[in-house]
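Since the structure comes first, as structure tokens, the remarks are kept for the end.
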Amino acid sequence: MHLLCKLSRHSRSFALSRNPIIRHVSSSSINSTIMSGEKTTSPTSLTSGPTKSLIEPGKCQFTADFQSVPLLERYVVSKTSKVLRFGVPDTSKALNLSTCACILAKADLPSKEGGETQAIIRPYTPISTNADIGYFDLLIKDYGVVNGTTGMSHYLCDTLKLGDTVDFKHIDFNVKIQAPFEQSQIGMLVGGTGITPMIQALHAILGDGDSNKTTNNVSMLYGSRESTDILGKDLLDEWSQNNKDSLSVTHVLSHEPQDSDWSGERGFINEALLKAHMPPPSAGKDAIILICGPPPMYNALCGPREDKELGGLLKEMGYEASQVYKF
Numbered sequence: 040m041h042l043l044c045k046l047s048r049h050s051r052s053f054a055l056s057r058n059p060i061i062r063h064v065s066s067s068s069i070n071s072t073i074m075s076g077e078k079t080t081s082p083t084s085l086t087s088g089p090t091k092s093l094i095e096p097g098k099c100q101f102t103a104d105f106q107s108v109p110l111l112e113r114y115v116v117s118k119t120s121k122v123l124r125f126g127v128p129d130t131s132k133a134l135n136l137s138t139c140a141c142i143l144a145k146a147d148l149p150s151k152e153g154g155e156t157q158a159i160i161r162p163y164t165p166i167s168t169n170a171d172i173g174y175f176d177l178l179i180k181d182y183g184v185v186n187g188t189t190g191m192s193h194y195l196c197d198t199l200k201l202g203d204t205v206d207f208k209h210i211d212f213n214v215k216i217q218a219p220f221e222q223s224q225i226g227m228l229v230g231g232t233g234i235t236p237m238i239q240a241l242h243a244i245l246g247d248g249d250s251n252k253t254t255n256n257v258s259m260l261y262g263s264r265e266s267t268d269i270l271g272k273d274l275l276d277e278w279s280q281n282n283k284d285s286l287s288v289t290h291v292l293s294h295e296p297q298d299s300d301w302s303g304e305r306g307f308i309n310e311a312l313l314k315a316h317m318p319p320p321s322a323g324k325d326a327i328i329l330i331c332g333p334p335p336m337y338n339a340l341c342g343p344r345e346d347k348e349l350g351g352l353l354k355e356m357g358y359e360a361s362q363v364y365k366f
């Protein structure tokens, strides 16, 4: 792991408890859930308050070998995205995943319609916490069938049936930056489903139960296509409302209809927005910028995800590679 660019008040109210609450899924509820269809209500992982439930690396129920677990529930959360709730190998325990770490999902999918199958592996960061016993939640955007091929996202969001199993594993390489975070100034650059590791980080930062104890100041620039498809918007709005001194979220929409009533930022995350909302390069070791999003976002802001050297706008603005962490 290295800090390099190697690596997008509502009227509705929520029961947002600031204290860790252990949530269980019993065997009977698992069985009844399998018999039900998709849910249109929001899952607890998108309506609960921040919960600090840290586990050190090496304790995850998933190991380096793939294990099969069932799909328990599927929630429709936007026109393109769903939250999938999976069981865990030992339903009497939490997933026990460390902060911001991801797990790998595997499925055998046809390479083309009617073609031979091949094993597809994709990383996902759960949005649930270690206070959730017996399950974990994944927020996934459905990219549909592309060029006649069903990708992992469409398979999970549309094809997979309740009760069907998916193989997951967790490897040391997928252990990310750990909380508590030493830097007092934290910037988050997010695109689409790149919000998932940021939700995990915010649980660790804001979940102490007392905002006065928070020593981190977080500013997020969150890029999405349209206002109707901002993943986790209600959750983030509520968290920022309840933690005004430690969290600010600015949404930037790239394809919002011109005739909509959206009054926020439009276009893409640019230098002006970075200067206005990110900690400055001069903050040195006291600042860090976390970034997660689609490849074009990496390319523009910090250089390709796989590159160890920092590039893009952040380099041009004077940031050091040690100040940028890409998931």
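Residues 40 to 366 (this note's numbering) are what the sequence shown spells out, left to right. A virtual CB, placed ideally from N, CA and C, is assigned to each residue, including glycine.
- Thinking C-alpha only, which one of 257, 122 and 135 is nearest residue 192? Numbered from 1 along the sequence shown, position 153 holds the residue referred to as residue 192. Considering only alpha carbons, the answer is 122.
- Query: What runs of the beta strand (DSSP E), each 3 residues or longer, lie entirely inside the stretch 177-208?
  - Reply: 204-208
- Task: Evaluate residue 176 with the Cβ neighbour count: other Cβ atoms within 10 Å of its Cβ, from every protein chain shown; 16 or more gives buried, anything less gives exposed.
- Result: As a position in the sequence shown, residue 176 is number 137, starting the count at 1. Classification for residue 176: buried.
- Please say whether residue 164 and residue 196 have beta carbons closer to each other than 8 Å? Here residue 196 corresponds to residue number 157 of the sequence shown, with the count starting at 1. Here residue 164 corresponds to residue number 125 of the sequence shown, with the count starting at 1. No, the pair does not count as a contact, with Cβ atoms beyond the cut-off.
- Counted within 10 angstroms of its Cβ, other Cβ atoms place residue 332 as buried (16 or more) or exposed: In the sequence shown, counting from the first residue as 1, residue 332 sits at position 293. Its Cβ being crowded by 16 or more others within 10 Å, residue 332 is buried.
- Assigned secondary structure, residue 126 (DSSP; H/G/I helix, E/B strand, else coil): On the sequence shown, residue 126 is found 87 positions in, with the first residue counted as 1. Of the three classes helix, strand and coil, the one that applies to residue 126 here is strand, per DSSP.
- Query: beta strand (DSSP E) containing residue 230: first to last residue?
  - Reply: As a first step, residue 230 is located in the sequence shown; it is residue number 191 there, counting from the start. For residue 230, the enclosing beta strand (DSSP E) begins and ends at 224-230.
- Task: At 3 residues or longer, and completely inside the stretch 278-349: list those beta strand (DSSP E) runs for me, N to C.
- Result: 286-292 and 326-331
- Task: Locate the beta strand (DSSP E) running through residue 260, then write down its first and last residues.
- Result: Counted from its first residue, the sequence shown places residue 260 at position 221. Here the beta strand (DSSP E) through residue 260 covers 256-263.
- Message: Taking the straight line between their C-alpha atoms, what separation do you get for residue 80 and residue 86?
- Response: Stepping through the sequence shown from its first residue, residue 80 is reached at position 41. Stepping through the sequence shown from its first residue, residue 86 is reached at position 47. C-alpha separation (whole angstroms): 10 Å.
- Less than 8 Å between the CB atoms is what I'm expecting for residue 308 and residue 262, so what's the real figure, rounded? Taking the first residue of the sequence shown as position 1, residue 308 is located at position 269. Taking the first residue of the sequence shown as position 1, residue 262 is located at position 223. Confirmed, about 5 Å.
- For residue 143, the nearest candidate out of 171, 205, 77 and 275 (CA to CA): What you label residue 143 is simply residue 104 of the sequence shown in a count that begins at 1. It is 205 whose Cα lies nearest to the Cα of residue 143.
- Task: Report the partner residues of residue 147 according to the DSSP bridge assignment.
- Result: Stepping through the sequence shown from its first residue, residue 147 is reached at position 108. Answer by DSSP bridge pairing, in chain order: 158.
- Query: What number of angstroms, rounded off, separates the C-alpha of residue 226 from the C-alpha of residue 353?
  - Reply: The residue you call residue 226 lines up with position 187 of the sequence shown. The residue you call residue 353 lines up with position 314 of the sequence shown. Taking the straight line joining both Cα atoms gives about 12 Å.
- Item | Residue range of the unbroken alpha helix (DSSP H) whose run includes residue 355 | Looking up residue 355 in the sequence shown gives position 316. Boundaries of the alpha helix (DSSP H) harbouring residue 355: 351-355, taken from the DSSP string.
- Please name the residue in 125, 111 and 324 whose C-alpha comes closest to that of residue 221. In the sequence shown, residue 221 corresponds to position 182, counting from 1. Ranking 125, 111 and 324 by Cα distance to residue 221 puts 324 first.
- Message: Let's see if you can read the secondary structure: which residues bound the alpha helix (DSSP H) around residue 236?
- Response: Within the sequence shown, residue 236 is the residue found at index 197, counting from 1. Here the alpha helix (DSSP H) through residue 236 covers 234-245.
- Item | Spatial distance of residue 63 from residue 339 (CA atoms) | Counted from its first residue, the sequence shown places residue 63 at position 24. Counted from its first residue, the sequence shown places residue 339 at position 300. Caution is warranted here: a pLDDT of 48 is assigned to residue 63, below 50, making its placement in the model unreliable, and no coordinate value can be reported.
- Report the rounded CA-to-CA distance for residue 218 versus residue 362, giving the unit in angstroms. Here residue 218 refers to the residue found at position 179 of the sequence shown. Here residue 362 refers to the residue found at position 323 of the sequence shown. Straight-line Cα distance between these residues: approximately 16 Å.
- Thinking C-alpha only, which one of 348, 211 and 109 is nearest residue 96? Walking along the sequence shown from the start, residue 96 turns up at place 57. Closest by alpha carbon: 211.
- Task: For residue 158, count neighbouring C-beta atoms within 10 Å of its own C-beta (all shown protein chains included) and say buried if the count is 16 or more, exposed if not.
- Result: Taking the first residue of the sequence shown as position 1, residue 158 is located at position 119. Answer is exposed; the Cβ neighbour count stays below 16.
- Message: Please return the same chain residues whose Cβ sits closer than 7 Å to the Cβ of residue 207, not counting the five positions on each side in sequence.
- Response: Position 168 of the sequence shown holds residue 207. Within its own chain, the residues whose Cβ lies closer than 7 Å to the Cβ of residue 207, once the five positions on either side in sequence are excluded, are 101, 105, 106, 108, 142, 143 and 144, listed in chain order.
- Within the same chain, show all residues whose beta-carbon is closer than 6 Å to that of residue 130, passing over the 5 residues directly before and after it, in chain order. Reading the sequence shown from its first residue, position 91 is the one you call residue 130. Closer than 6 Å at Cβ, skipping near neighbours: 173.
- Other residues of its chain near residue 149: CB distance less than 6 Å, five sequence neighbours each side excluded: Residue 149 sits at position 110 when you count from the first residue of the sequence shown. For residue 149, the CB contacts under 6 Å within the same chain, skipping 5 residues up- and downstream, are 156 in chain order.
- Query: Between the beta-carbon of residue 125 and the beta-carbon of residue 136, is there less than 8 Å?
  - Reply: As a first step, residue 125 must be located in the sequence shown, where it is residue number 86. As a first step, residue 136 must be located in the sequence shown, where it is residue number 97. Not a contact, by the Cβ cut-off of 8 Å.
- Nearest to residue 243 (by Cα), restricted to the options 166, 190 and 290: As a position in the sequence shown, residue 243 is number 204, starting the count at 1. That would be 166, whose Cα lies nearest to the Cα of residue 243.
- Message: Between the alpha carbons of residue 321 and residue 279, how many angstroms are there, rounded?
- Response: What you label residue 321 is simply residue 282 of the sequence shown in a count that begins at 1. What you label residue 279 is simply residue 240 of the sequence shown in a count that begins at 1. If I take the Cα positions, the gap works out to 26 Å.
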